[in-house]
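Reading through the structure tokens given below for one structure.
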Amino acid sequence: MIYLDAAATTLQKPVEVASAMAQAVRQYASPGRGGYPPSAAAAELAFCCRTELAEFLGAAGPEQIIFTSSATHGLNIAIRSLVGPGDQAVISGYEHNAVTRTLASIPGVETRVAATQLFSREADIEAFRSQIDHKTKAVICTHVSNVFGYILPIGEIAALCREREVPLIVDASQSAGVLPIETETWQAAYVALPGHKGLYGPQGTGVLVCGKESRPVPLLTGGTGSESRLQQMPDYLPDGQEAGTHNMPGIAGLYAGLRFVRRVGTERILRHERQLMKQLIPALKRVPGAEVFVPECGSCHAGVLSFRLGGKDCETVSGCLGRQGIALRAGLHCAPLAHQLAGTLETGTIRASVSAFNRESDIRTLTWMLNNL
Amino acid sequence: MVYYLIVCRSLTYAQRTAAVLERAGISAHILRSPAAISSTGCSHSVKIAQRRLAQALMVLKKVELSPRQIYITEADGSYREVRL
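Next up, the structure:
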């Protein structure tokens, strides 16, 4: 199988991820629930993972790191903490349903979309500038589009939010592991990310980084192993957001994946993914009838792209390639807003996304297959 | 043996506290707080030797980690809160 769907989840993981998870299943109990060694070992591992995540994600400290089950879970906490019924929020034109459906589920929310042009950083900044006003309760912006790999000008958008004193939520689903995440520099209220994509952890893991001043409202309530006599959730982090038993095999796997990323280096991983894109883009453009959606500026592009093949149905093409051992994702990629901006809402696109484990031969095989469909 | 228990508001704070103290050369051990001193239910404490309290408090102040409460063991094994 040639796997080119890393934007959904990275299938190939460093070998140490599975072994760390197996060890966790055998040896770790629940952190903070007992004074015995398997509980203490779990607590130690969770703390090491939090500490390293805090360093890696530019957080103020390990207590600002919340373990979640996915980026979607983290985005739900973040959005529901800042946006209430009847409020107004401003989002980019590339947001995932994790953001748009969550906003739509809050009664009476006005969602303003800051988008005028596809792949224009200047236009994006201007659109945010014109959409944010005194009623805006939160700005929510993806760092990298999960459909096109377009890198949004998050530093500039963060500066604008600081200037207007509006809390910023960053969806780092496609950027964590390839681009620097600077929670405190951006002064972001929240940064949500999955553990199972660019951090090479297992599915069922995610992280919500809370800014120093953020006071998230619990999405789940229950036992935390702390202040058990009280019937309210603890008002401090991370306990206030981590009700229930921790996913220790997941955290162990995430920690192993994170250490792999730090060992290899995000710059090197990004360089590798861009190299593969540099090979794929011209090759795709040579496929008869192909229409490739990528930003012109290479430095605004990460390891994801979308394309269409003339009048061919995207799902049919993707299904055909899947049967021949190539994994691509077709459709709307849970991001109809981005497709609307690109004019591909009716047809969808085929998405190719790469990871540290893809090779040039994968790209050669894909383009050969496309030329011989 | 007489020792101090620094009560922390969460396990993560206890872990941070212990890590900071260990880095400063102060031996620190995390344990679940004895029920007698855990007024709101379960909590975690950091145990340090009696002679290291003053230094420990200075180290913690520098990194803005404020202990919730501090207890000292009595000869009969009970705990007495230390008011600073």
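So the protein lines, in turn, are chains A and B. Start counting at 1 in the first sequence, then tack on 166, and there's your number in the numbering used here. Start counting at 1 in the second sequence, then tack on 736, and there's your number in the numbering used here. Just so you know, even glycine gets a beta-carbon here, dropped at the ideal spot from N, CA and C.
Span of the beta strand (DSSP E) around residue i
i	result
S339(A)	Neither: S339(A) is in no beta strand (DSSP E) and is coded neither H nor E.
C376(A)	G372 to C376
F459(A)	A456 to F459
P360(A)	Y356 to P360
S258(A)	Q254 to S258
G497(A)	R495 to G497
E288(A)	Careful: E288(A) lies outside any beta strand (DSSP E), inside the alpha helix (DSSP H) at R287 to Q297.
A225(A)	It is not in any beta strand (DSSP E) - A225(A) carries neither H nor E in the DSSP assignment.
T515(A)	T515 to S519
Within chain A, the residues that residue i reaches when beta carbons sit closer than 8 Å
i	result
G777(B)	S392, E393, S394, R395 and L396
H780(B)	G198 and S392
S802(B)	Here the premise fails: no neighbours, minimum Cβ distance about 12 Å.
Residue i at chain A interface by Cβ criterion, 8 Å
i	result
Q805(B)	no
Y749(B)	yes
R759(B)	no
R745(B)	yes
Residue(s) in a DSSP beta bridge with residue i
i	result
H780(B)	C744(B) and R768(B)
F233(A)	V373(A)
H467(A)	Y316(A)
R437(A)	According to DSSP, which records beta bridges pairwise, R437(A) is partnered with nothing at all.
V279(A)	I257(A)
C307(A)	V336(A)
G200(A)	Paired residue(s): none; G200(A) is not in a bridge.
R788(B)	In DSSP, R788(B) forms no bridge with anything.
T809(B)	Y815(B)
L475(A)	A456(A)
I492(A)	I168(A)
T302(A)	Q254(A)
Y739(B)	A785(B)
is_contact[residue i, chain B] using C-beta, thresh 8 Å
i	result
P197(A)	yes
Y402(A)	yes
A225(A)	no
P228(A)	yes
F426(A)	no
G201(A)	yes
D405(A)	yes
A209(A)	yes
Residue i Cβ short of 7 Å to the ligand ADP heavy atom set
i	result
K783(B)	The model depicted lacks the ligand ADP and carries no ligand whatsoever.
Range covered by the alpha helix (DSSP H) that runs through residue i
i	result
R267(A)	N263 to A270
I529(A)	E526 to N537
Q506(A)	P502 to A508
G406(A)	No alpha helix (DSSP H) contains G406(A), which DSSP labels as neither H nor E.
G419(A)	M414 to V430
S185(A)	V181 to Q193
T349(A)	T349 to W352
8 Å Cβ cut-off: residues of chain B touching residue i
i	result
A216(A)	It is worth fixing the name first, because residue 216(A) is Arg in this sequence and not Ala. Correct list: T748.
Under 7 Å by beta carbon: chain A residues contacting residue i
i	result
L767(B)	G201
Where residue i meets chain A, residues with beta-carbon distance less than 9 Å
i	result
R752(B)	F213, T217, G227, P228 and E229
Requested in this report: Could you say if the region 185-193 of chain A and the region 322-330 of chain A meet the contact criterion of at least three C-beta pairs nearer than 8 Å?
Outcome: The region 185-193 of chain A, when compared against the region 322-330 of chain A, does not touch it at the 8 Å Cβ threshold.
Query raised in the report: Would you say the region 335-353 of chain A touches the region 202-216 of chain A, given that touching needs at least three Cβ pairs under 8 Å?
Result: A contact is defined here as three or more CB-CB pairs under 8 Å, and the region 335-353 of chain A fails this definition with respect to the region 202-216 of chain A.
Query raised in the report: Are the region 516-534 of chain A and the region 778-798 of chain B in contact at 8 Å, needing three or more beta carbon pairs?
Result: Proximity of the region 516-534 of chain A to the region 778-798 of chain B falls short of the contact definition, fewer than three beta-carbon pairs being nearer than 8 Å.
Report task. Kindly confirm or deny that the region 338-345 of chain A and the region 376-396 of chain A touch, where touching means at least three C-beta pairs closer than 8 Å. Result -> Counting Cβ pairs under 8 Å, fewer than three are found: no touch.
Query raised in the report: On the three-pair Cβ rule with 8 Å, is the region 197-206 of chain A touching the region 766-776 of chain B?
Result: Under the three-pair Cβ rule at 8 Å, the region 197-206 of chain A counts as touching the region 766-776 of chain B.
Query raised in the report: Within the chosen definition, does the region 497-517 of chain A reach the region 304-317 of chain A through at least 3 CB pairs nearer than 8 Å?
Result: Between the region 497-517 of chain A and the region 304-317 of chain A, the count of Cβ pairs shorter than 8 Å is three or higher; the stretches touch.
Report task. Indicate whether the contact test is met: 3 or more Cβ pairs, each with one atom in the region 422-434 of chain A and one in the region 359-376 of chain A, closer than 8 Å. Result -> Of all C-beta pairs linking the region 422-434 of chain A to the region 359-376 of chain A, three or more are shorter than 8 Å, placing the two stretches in contact.
Query raised in the report: Can you find at least 3 beta carbon pairs, one from the region 223-237 of chain A and one from the region 395-411 of chain A, that sit closer than 8 Å?
Result: Yes: the two stretches touch, three or more of their Cβ pairs being nearer than 8 Å.
Query raised in the report: Is the region 243-254 of chain A close to the region 382-399 of chain A, with three or more CB pairs under 8 Å?
Result: Judged by Cβ distances under 8 Å, the region 243-254 of chain A makes contact with the region 382-399 of chain A, as three or more pairs qualify.
Query raised in the report: Taking one C-beta from the region 409-420 of chain A and one from the region 481-498 of chain A each time, how about it: are there three or more such pairs within less than 8 Å?
Result: Taking 8 Å as the limit for Cβ pairs, the verdict is that the region 481-498 of chain A does not touch the region 409-420 of chain A.
Query raised in the report: So does the region 738-756 of chain B actually touch the region 788-800 of chain B, counting three or more Cβ pairs closer than 8 Å?
Result: The answer is yes - the region 788-800 of chain B touches the region 738-756 of chain B, with three or more Cβ pairs under 8 Å.
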